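Going by our numbering, the sequence shown opens with residue 11, and the numbers climb by one from there.
Have a look at the structure below before the remarks.
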Amino acid sequence: MDNVRVLASSDVAQTVKELFIKANHILPPCVGTSLAAAKQKESHALAASVLGVLEDNIAVAERLDVPVCQDTGMAIVFAEVGKDIHLTGKTLNEAIDDGVREAYLEGKLRCSVVRDPFFDRTNTGDNTPAITYIRYCEGDKLKLTALPKGFGSENMSAIKMFTPSATREDIVSFVLETVKKAGSNPCPPIVVGIGMGGSFDYAAVLSKKALARDLDDVNPDPSYRDLEAELLEKINTLGIGPQGFGGDTTALAVKIEHYPTHIAGLPVAVNICCHVARHLTATI
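This is the structure:
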């Protein structure tokens, strides 16, 4: 037990609280950089103007310390838990929910979670429960990534179970059709998270995890890096443009996460995020 680090659940809750408040108020710098670069390259005057307005909105939210969007999202948390941590007090899931509750109530963020998906859509009043994905790893640290996910874009997501005979063109076509169907609904320019492999459910998790990557993050696998670049180029030829007004900038980034899968399948999930690509990480 000498190597075990004791961590209080209250410290976890406080960290989660700070992450969700800050993530809703201040976007990662890569988002602003991507918008500025897109505006410089945009050949359509209206589209460039819209991109400028989106930049202004981000700056005003940070200056006034208010949420950058009225939809402050459903709370998604990725937790990487060191095997040498002993959590005292509450369970990790309970501590995360406590932090989400404090963030949304004390931070005056919009609570958008209902207690039952179909029969009783009564608001829980505190944006809990969160959706938490836990992975155990070496060490005595706890890494928490908060991802407040808006649902205007979430509703435009899709999954398809390909067979192993699927070609690169099949997968590209599926992604492009998903984006075309989404149109202006997810408040483009969008960020497209793609999960490939695993199972039906895990492909969707991978697509969500992809959205937790910075927009300027380079995929370490050259094959997937090339596929990301191809998809981004082709998505931006669709002409949907910023907020659906047309233009060269339908997406800011495409990110792919992959995982081993069964010999009989090839699951592919597409999780769409609006330009407000909120995510923030802290390690305690």
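Ideal placement from N, C-alpha and C gives every residue a C-beta, glycine not left out.
No experiment lies behind these values; they were computed from the predicted model shown.
Would you call residue i buried or exposed, if buried means 16 or more other Cβ atoms sit within 10 Å of its Cβ?
i, result
"LYS27", "buried"
"GLU243", "exposed"
"PHE128", "exposed"
"GLN253", "buried"
"ASN165", "exposed"
"ASP107", "buried"
"CYS147", "exposed"
"ILE294", "exposed"
"LYS265", "buried"
"ARG111", "buried"
"PHE88", "buried"
"THR173", "exposed"
"GLU116", "exposed"
Assuming residue i and residue j are in contact, meaning their beta carbons sit under 8 Å apart, how far apart are those beta carbons, in whole angstroms?
i, j, result
"ALA168", "THR188", "5 Å"
"ALA23", "GLY109", "4 Å"
"ILE250", "PRO198", "6 Å"
"LEU290", "ALA33", "4 Å"
"ILE36", "GLU90", "Not a contact, Cβ separation roughly 23 Å."
Considering just the uninterrupted stretch of the alpha helix (DSSP H) at residue i, what are its terminal residues?
i, result
"HIS35", "19–35"
"VAL110", "102–116"
"PRO232", "232–245"
"GLU90", "Note, GLU90: premise wrong, no alpha helix (DSSP H); beta strand (DSSP E) at 84–92."
"ILE181", "178–192"
"THR43", "39–51"
"ALA57", "55–74"
Can you name the start and end residues of the beta strand (DSSP E) that residue i belongs to?
i, result
"THR259", "Counting along the chain, THR259 falls outside any beta strand (DSSP E), and DSSP gives it neither H nor E."
"ILE204", "200–208"
"CYS283", "276–283"
"PHE172", "168–172"
"ARG145", "141–147"
"LEU154", "152–159"
DSSP beta-bridge partners for residue i?
i, result
"LEU97", "LEU17"
"ASN133", "VAL124"
"ILE266", "ILE204"
"ALA292", "LEU154"
"THR271", "GLY208"
Cβ contact check for the region 71–91 and the region 153–172: 3 or more pairs under 8 Å: These segments touch.
Any 3 or more C-beta pairs closer than 8 Å across the region 267–286 and the region 213–222: Touching, per the Cβ criterion.
Three or more C-beta pairs below 8 Å linking the region 69–77 and the region 126–145: Look at the beta carbons and you see the region 69–77 not touching the region 126–145: under three pairs across the two are nearer than 8 Å.
Touch test, the region 256–265 against the region 226–244, Cβ-Cβ under 8 Å, three pairs minimum: Three or more Cβ pairs closer than 8 Å define a contact, and the region 256–265 meets that threshold against the region 226–244.
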